[in-house]
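S.K.:
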Amino acid sequence: MSTDKKQTEAKTLPDPSVGSIDLFGDSERNWSEDFSHENGKYMRVCFACGQTFVGHKRRVQCRKCALECKAAWDALPEAEKQKRMEHLKAELACLKTSSPNA
Ligand SMILES: [Zn+2]
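Each residue of the sequence shown is one higher than the one before, starting from 69 at the first, in our numbering.
1. Going by CA-CA distance only, name the one from 117, 115, 121 and 116 that's closest to residue 109.
2. On the DSSP letters alone, give me the boundaries of the alpha helix (DSSP H) that residue 152 sits inside.
3. Please classify residue 99 as buried or exposed, where buried requires at least 16 other C-beta atoms within 10 Å of its C-beta.
4. According to the Cβ coordinates, are residue 97 and residue 130 closer than 8 Å?
5. At which residues does the alpha helix (DSSP H) containing residue 131 begin and terminate?
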């Protein structure tokens with residue numbers, strides 16, 4: 069019957085919430101707290117998940133990934149956090165010494 073066919077077609081259509089119409093909606097990936105700032109409504113692509121989000125033009129990560137990342141960090145044992153921070157500081161020191169402006 070034709071109604072069955074229509075239902076099948078509807079399932080294959082893209083999710084309308086992913087389109088451009090609801091860009092500034094309360095998507096969990098958008099940084100809605102940036103919207104009131106100058107340059108706060110840029111469409112960006114998250115380096116972690118590859119999804120589009122809206123936020124400050126300098127943001128590189130969507131809100132969802134950032135929160136997941138923070139939760140993972142918070143769950144680490146204190147000793148592991150220290151170890152990773154030391155590693156990052158060492159990397160930063162390397163970058164500073166190899167800079168042409170150093
Ligand atoms: Zn993301």
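Cβ atoms here follow ideal geometry from the backbone N, Cα and C, with glycine treated the same way. All figures in this text were calculated on a predicted structure; none of them were measured in a lab.
M.R.: Taking the geometry as given:
1. For residue 109, the nearest C-alpha among the options comes from 121.
2. 146 to 166
3. buried
4. In this structure, residue 97 sits near residue 130, with a CB-CB distance shorter than 8 Å.
5. 131 to 143
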